[in-house]
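Each number in my numbering corresponds to the 1-based position in the sequence shown with 424 added.
Note that CB positions come from ideal geometry on N, CA and C, so glycine has one too.
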Amino acid sequence: MRRTRGRHRIWVAVAAVVFQLALGSVYSWSVFARALREPGSTFAFDATRATLPFSVAVGMVFVGTWCGGRLQERHGSRVTAMIGAGIYSAGIIACSAARDAADLWVLILCYGVVSGVGLGIGYIVPTALLQRWFPDKRGLITGISVGGFGLGPVLSAPVLAALVHRYETVPTQAFLPMGLLCAAMTLPAAWLFVNPPASASASVVVGRSVRPSFTGREALRSREWYLLATILFASALAGISLVSVLAPAAHAISGYDAGSAAALTAAAGVFNGVGRPLAGAISERAGRMRTFAVLLVVQGLALLALPWAHDPALFAVLVCAVSLANGGGFGTMPATAGDFFGVAHIGAVYGPMLVSWSLAGVIGPLTTAHLASDGYTTAFVTVGVVTLAAVALTAITRPPAPRTT
Numbered sequence: 425m426r427r428t429r430g431r432h433r434i435w436v437a438v439a440a441v442v443f444q445l446a447l448g449s450v451y452s453w454s455v456f457a458r459a460l461r462e463p464g465s466t467f468a469f470d471a472t473r474a475t476l477p478f479s480v481a482v483g484m485v486f487v488g489t490w491c492g493g494r495l496q497e498r499h500g501s502r503v504t505a506m507i508g509a510g511i512y513s514a515g516i517i518a519c520s521a522a523r524d525a526a527d528l529w530v531l532i533l534c535y536g537v538v539s540g541v542g543l544g545i546g547y548i549v550p551t552a553l554l555q556r557w558f559p560d561k562r563g564l565i566t567g568i569s570v571g572g573f574g575l576g577p578v579l580s581a582p583v584l585a586a587l588v589h590r591y592e593t594v595p596t597q598a599f600l601p602m603g604l605l606c607a608a609m610t611l612p613a614a615w616l617f618v619n620p621p622a623s624a625s626a627s628v629v630v631g632r633s634v635r636p637s638f639t640g641r642e643a644l645r646s647r648e649w650y651l652l653a654t655i656l657f658a659s660a661l662a663g664i665s666l667v668s669v670l671a672p673a674a675h676a677i678s679g680y681d682a683g684s685a686a687a688l689t690a691a692a693g694v695f696n697g698v699g700r701p702l703a704g705a706i707s708e709r710a711g712r713m714r715t716f717a718v719l720l721v722v723q724g725l726a727l728l729a730l731p732w733a734h735d736p737a738l739f740a741v742l743v744c745a746v747s748l749a750n751g752g753g754f755g756t757m758p759a760t761a762g763d764f765f766g767v768a769h770i771g772a773v774y775g776p777m778l779v780s781w782s783l784a785g786v787i788g789p790l791t792t793a794h795l796a797s798d799g800y801t802t803a804f805v806t807v808g809v810v811t812l813a814a815v816a817l818t819a820i821t822r823p824p825a826p827r828t829t
């Protein structure tokens, strides 16, 4: 019985990584944004319009995660994941209907609203599910799961770059094959998502004591929930602000061409993906808040240095440092929320917390694109300072008093 359960949870973990790899294609948007800005395309957008669909998509993630956490509790992981996967893939496919600049609303609606909601619904499922299957390795296993999300651009950026090159005049045609590929990866993976026996996840072990789980409503009434959400916002802001303009910034600051920028985007995805399980595992030994402090410092200092990194190699090192630490934040926070509030209702607790990701996805790219109209110095320095300021929060954030049963 124990051997069967162990084998089953391994397959669930593998399916979770595949599922997150497909969802992580959202981080390849900067490759597509550059194609939308090309004068030879039928769109020829400015930086702000080229960034808008991505910002809306990340902004709508919160709606999806909020709904997904509740759907998962009521209808189970498989149904919820398949709903999210279907909505996400359908939105991407529908983007192929956009043909010129007048169809910006199609990209905002289909990619931003529809795919953004689907992304949120799907993202929360494996993040919550694996903490129940692996209560003994929550930091590592959630890091591995969301690491798949961070590695998504490694697969999607080169594919998207090739497709965009093929459809230079109307680059939105690349969305049809990309959407079909996402569906082919996510729907079969979602079918393997099943919950473990209820007894395995009723509580979370903290040291040698057992911390009863908070409900989503109880967690939202605590000061600690909002502190964690703010820390996550600062970490997400750093990474999303950079990735949203990575390709054009690499060209403007260090002279990267389109192919090299796509390769850098893929490399950033590798480091983002590696940072998630790495930081999750480190946090189990070093402590969650100490780990977050280091992650925020690395991102903040690297962003402050980026505008002066005219050497392509140095630029790549700094980008990868931001990506590694940014991924680490997403890899560490699910387990941190589990430490603070228990795992029995983790979907309802952590799902709403991803409003931080949504706010960062709206504020970061739009602010960066606006400030970068005259260069990237002000944009990156501003985000870097905000990220460093958030380090102070890690010193005052501690688990709440245990809930009484």
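To which residues of the same chain is residue i closer than 6 Å at the C-beta, ignoring the five residues directly before and after it?
i    : result
A607 : S513
W732 : none
G808 : G724, L727, L728
F469 : L460, R461
A673 : Y800
A518 : C534
S747 : A692, F695, N696
A813 : none
W649 : A643
T791 : none
R433 : W557
G640 : H769, A772, V773
A626 : At A626 the pLDDT is 46, less than 50, meaning the model places this residue with poor confidence; the figure from the coordinates comes in the next sentence. Hits under 6 Å: A768.
V786 : S479, G483
For the alpha helix (DSSP H) containing residue i, name the first residue and the last one.
i    : result
I706 : 682 to 710
N619 : No alpha helix (DSSP H) contains N619, which DSSP labels as neither H nor E.
P559 : Segment: none, P559 is in no alpha helix (DSSP H) and carries neither H nor E.
H589 : 576 to 590
T475 : 471 to 499
H769 : First-last for H769: undefined, no H or E at that position.
W529 : 528 to 531
F657 : 647 to 667
G640 : 640 to 644
L730 : First-last for L730: undefined, no H or E at that position.
S454 : 453 to 461
P826 : Segment: none, P826 is in no alpha helix (DSSP H) and carries neither H nor E.
L670 : 670 to 678
L817 : 815 to 818
Go ahead and pull the three-state DSSP assignment for residue i.
i    : result
I507 : helix
G799 : strand
P612 : helix
F739 : helix
V594 : coil
A759 : helix
L783 : helix
P789 : helix
F467 : coil
R523 : coil
H794 : helix
S539 : helix
H734 : coil
A440 : helix
L778 : coil
T821 : coil
S637 : coil
H432 : helix
What does a CB cutoff of less than 7 Å around residue i pick up in its chain, not counting 5 residues either side in sequence?
i    : result
A474 : A457, L460, R461
A761 : L652, I770, V773, Y774, M777
V541 : M484, V487, G488, I511
A705 : G563, L564, G567
C491 : I545
L531 : P477, C519, A522
V815 : A717, L720, V721
Here's a check: name, in chain order, each residue in its chain whose Cβ is nearer than 8 Å to the Cβ of residue i, leaving out the five neighbours to either side.
i    : result
I677 : L730, P731, A733, H734, F739, Y800
V450 : F478, A481, V482, S539, L543, G576
L795 : T802, A803, T806
L600 : I517, S520
T818 : I655, M713, R714, F716, A717, L720
S465 : A459, E592, T593, V594, P595
Quick check: the segment 676 to 694 against the segment 573 to 590, are there 3 or more CB pairs under 8 Å?
yes
Using 8 Å as the Cβ pair cut-off and three pairs as the minimum, do the segment 495 to 512 and the segment 559 to 567 touch?
no
Say whether the segment 436 to 449 touches the segment 543 to 556, bearing in mind that this needs 3 or more beta-carbon pairs closer than 8 Å, one atom from each stretch.
yes
The segment 581 to 594 contacting the segment 702 to 721, beta-carbon criterion three pairs below 8 Å
no
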